[in-house]
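*Asks:* This is the structure, below, for whatever I ask next.
Numbering (my numbering), first residue to last: 4 to 529.
Structural data, given as structure tokens:
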């Protein structure tokens with residue numbers, strides 16, 4: 004650090020400025036005896052300038068000491084620290100500050116009443132002087148203390164409270180929490196219009212993040228692009244991406260192809276979008292709504308398509324069947340198949356196949372991806388013989404959802420709504436079931452099941468977590484007042500359950516899909 008210059012008068016042989024020479028001209032200097040007399044005016048002028056420069060230096064040293072951070076000798080100045088609400092979201096806080104030198108940035112924060120438990124946002128290693136950090140994962144209506152950190156230097160603390168949640172979002176209640184056995188990650192689900200909101204719930208059963216869809220759609224199926232990081236979801240006509248800050252991007256507008264994207268979609272290993280669509284066909288004096296599987300690349304180019312109507316001979320033909328097939332879908336026809344989930348996998352030989360849930364025909368089918376042919380059909384009175392000990396009415400599934408192959412590629416997990424069973428016996432409930440499939444001997448047996456103790460006539464989701472537990476979504480109960488996330492282990496013990504309580508019974512009180520993530524900050528475009 005440079006210091007202000009000290010004024011030196013050269014007595015002889017020196018190089019002086021013009022102002023110095025002017026002052027010396029007024030002095031009487033005797034060689035060998037030094038300075039004897041200085042005019043009063045010149046001396047005061049020099050003294051005043053020296054004092055000003057010294058004061059400026061002293062002020063800079065004080066500022067560096069005050070703002071440089073504890074224990075760091077004032078090597079970096081943090082200033083203009085402000086914290087404010089994101090007006091678009093009650094659980095998002097924005098922090099901004101400046102540093103004199105380029106530095107990294109993060110925010111440390113804690114609840115006001117919890118002085119010892121500081122949390123932190125991830126470090127932004129980008130070296131800048133203007134810093135902006137968005138904080139998520141907060142509780143509503145809670146006092147928090149925030150402080151900036153740059154290059155391990157901590158700034159001043161600021162206190163601010165989060166706001167109230169949107170009125171349409173339901174309240175949550177933690178019903179079961181077996182400490183140490185359930186995953187502590189965040190669980191994501193979605194609510195359809197008019198709520199039109201994706202939520203993330205923590206292990207305490209509290210909503211800590213939400214995103215209100217800008218199209219007022221029905222977010223209900225979720226995925227993450229590995230090389231991207233953002234959360235991907237479908238809205239019937241479009242597939243979107245959103246990051247933890249709420250920034251949306253339309254990835255594929257299927258409406259531009261005259262199609263819809265209903266129920267389910269996935270990202271293929273090649274990065275393509277595969278989704279369920281539908282079209283109308285006129286057969287046997289009726290308009291039938293038939294399902295299709297469509298695969299498109301990132302530019303919208305069609306890669307692959309499978310049409311259910313081309314396999315009507317195996318699927319049972321276009322005949323008036325169960326009550327669900329009497330439902331008429333506007334602009335499409337009578338609801339023949341009502342497919343609701345797709346799962347793309349590889350067998351042990353590396354061949355790709357698709358597991359498709361065909362709800363209205365009470366079956367799960369396996370499709371050869373290369374040829375499009377149906378390999379087999381799983382369900383009551385189809386290709387497999389049931390060899391378990393369950394009573395006949397509990398051997399197979401009814402109006403199922405969310406069918407997928409487990410990693411062993413020999414077991415299928417699904418959500419069994421059990422509509423027809425419930426219509427006969429209201430003591431029968433929906434359940435999650437695993438079927439062990441023997442494709443050589445064409446036998447099937449139930450190896451795991453969990454009775455949800457509630458009936459869901461529509462929707463439902465289930466997936467196996469990385470820890471081996473099963474995560475279940477109860478979309479709604481018969482009262483239309485309650486939805487739930489439930490985590491169950493392999494011994495059928497309920498480890499964690501959070502319920503969503505609606506303020507009143509309405510037709511759109513549904514919780515759709517489920518997904519686990521470890522951190523909200525992972526939902527960011529890399």
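Glycine included, every Cβ here is placed at the ideal spot set by N, Cα and C. All values reported here derive from a predicted model rather than from experimental measurement.
Measuring CA to CA, which of 245, 312, 237 is closest to residue 377?
*Replies:* Closest in alpha carbon position to residue 377, among 245, 312, 237, is 312.
*Asks:* Use the C-beta contact count for residue 162: other C-beta atoms within 10 angstroms, 16 or more gives buried, fewer gives exposed.
*Replies:* exposed
*Asks:* Only counting the same chain, and skipping five residues up and downstream in sequence, which positions put a Cβ closer than 8 Å to that of residue 85?
*Replies:* Excluding sequence neighbours, residue 85 sits near 98, 99, 100, 161.
*Asks:* Using the Cα positions of residue 74 and residue 492, report the straight-line distance between them to the nearest angstrom.
*Replies:* Confidence in residue 74 is poor, its pLDDT being 39 and thus under 50, which makes the residue's placement unreliable; the coordinate value appears in the next sentence. Going by the C-alpha atoms only, they are around 49 Å apart.
*Asks:* Got a sec? Which residues, its chain only, sit under 8 Å from residue 450 by beta carbon, not counting five neighbours each side?
*Replies:* 414, 437, 438, 439, listed in sequence order.
*Asks:* Assuming residue 538 is part of the beta strand (DSSP E), what are its boundary residues?
*Replies:* Residue 538 lies beyond the residue range present for the chain, which begins at 4 and ends at 529; the question has no answer from this structure.
*Asks:* Would DSSP call residue 455 helix, strand or coil?
*Replies:* coil
*Asks:* Which ranges would you report for the beta strand (DSSP E) in the region 159–222 if only whole runs of at least 3 residues count?
*Replies:* 161–164, 174–180, 189–194, 200–204, 210–215
*Asks:* Using beta-carbon positions only, say whether residue 211 and residue 140 come within less than 8 Å of one another.
*Replies:* yes
*Asks:* Is it true that the CB of residue 314 sits closer than 8 Å to the CB of residue 362?
*Replies:* no
*Asks:* Given a threshold of 16 other Cβ atoms within 10 Å of its Cβ, counted over all protein chains shown, does residue 466 qualify as buried or as exposed?
*Replies:* The C-beta of residue 466 has 16 or more other C-beta atoms within 10 Å across all chains shown, which makes the residue buried.
*Asks:* What is the rounded straight-line gap between the Cα of residue 516 and the Cα of residue 412?
*Replies:* CA-CA distance, residue 516 to residue 412, rounds to 22 Å.
*Asks:* Should residue 445 be labelled buried (16 or more other beta-carbon atoms within 10 Å of its own) or exposed?
*Replies:* exposed
*Asks:* What would DSSP say about residue 372, mapped onto helix, strand or coil?
*Replies:* coil
*Asks:* Please state whether the Cβ-Cβ distance between residue 125 and residue 524 is less than 8 Å.
*Replies:* In contact: residue 125 and residue 524 (Cβ atoms closer than 8 Å).
*Asks:* Please say whether residue 284 and residue 297 have beta carbons closer to each other than 8 Å?
*Replies:* no
*Asks:* Within a Cβ cutoff of 7 Å, which residues of the same chain sit near residue 343, ignoring the five residues on either side of it in sequence?
*Replies:* 266, 267, 360, 362, 404
*Asks:* Around the C-beta of residue 164, are 16 or more other C-beta atoms found within 10 angstroms, so that it is buried, or is it exposed?
*Replies:* exposed
*Asks:* If I'm right that residue 541 touches residue 290 with Cβ under 8 Å, what's the distance once you round it to whole angstroms?
*Replies:* Residue 541 cannot be examined here, being either before or after the span of the chain that is shown, 4 to 529.
*Asks:* Inspect the beta-carbon positions of residue 454 and residue 488 and report whether they are closer than 8 Å.
*Replies:* no
*Asks:* Which one of 507, 379, 133, 193 has the shortest CA to CA distance from residue 478?
*Replies:* 193
*Asks:* If you follow the beta strand (DSSP E) that residue 355 is part of, which residue opens it and which one closes it?
*Replies:* 355–361
*Asks:* With a threshold of 8 Å, are at least 3 pairs of Cβ atoms found where one atom belongs to the region 102–115 and the other to the region 225–241?
*Replies:* By the Cβ criterion, the region 102–115 is not in contact with the region 225–241, since fewer than three pairs of Cβ atoms, one from each stretch, lie closer than 8 Å.
*Asks:* Nearest-angstrom Cα distance between residue 247 and residue 215?
*Replies:* 12 Å
*Asks:* What's the C-alpha gap between residue 320 and residue 385?
*Replies:* When rounded, the distance between both Cα atoms is 14 Å.
*Asks:* Excluding the 5 residues preceding and the 5 following residue 596 in the sequence, name in chain order all residues of the same chain whose CB lies nearer than 8 Å to its CB.
*Replies:* Since the first residue of the chain shown is 4 and the last is 529, residue 596 is not available in this structure.
*Asks:* How many Å lie between residue 260 and residue 305 at the Cα?
*Replies:* 10 Å
*Asks:* Consult DSSP for residue 495 and reduce its assignment to one of helix, strand or coil.
*Replies:* coil
*Asks:* In terms of residue numbering, what span does the beta strand (DSSP E) encompassing residue 283 cover?
*Replies:* 276–286
*Asks:* Compare the beta carbon distance of residue 243 and residue 252 with 8 Å and say whether it is the shorter of the two.
*Replies:* yes
*Asks:* Kindly indicate which three-state DSSP category residue 514 falls into: helix, strand or coil?
*Replies:* coil
*Asks:* Would residue 121 be called buried (16 or more neighbouring beta carbons within 10 Å of its own) or exposed?
*Replies:* exposed
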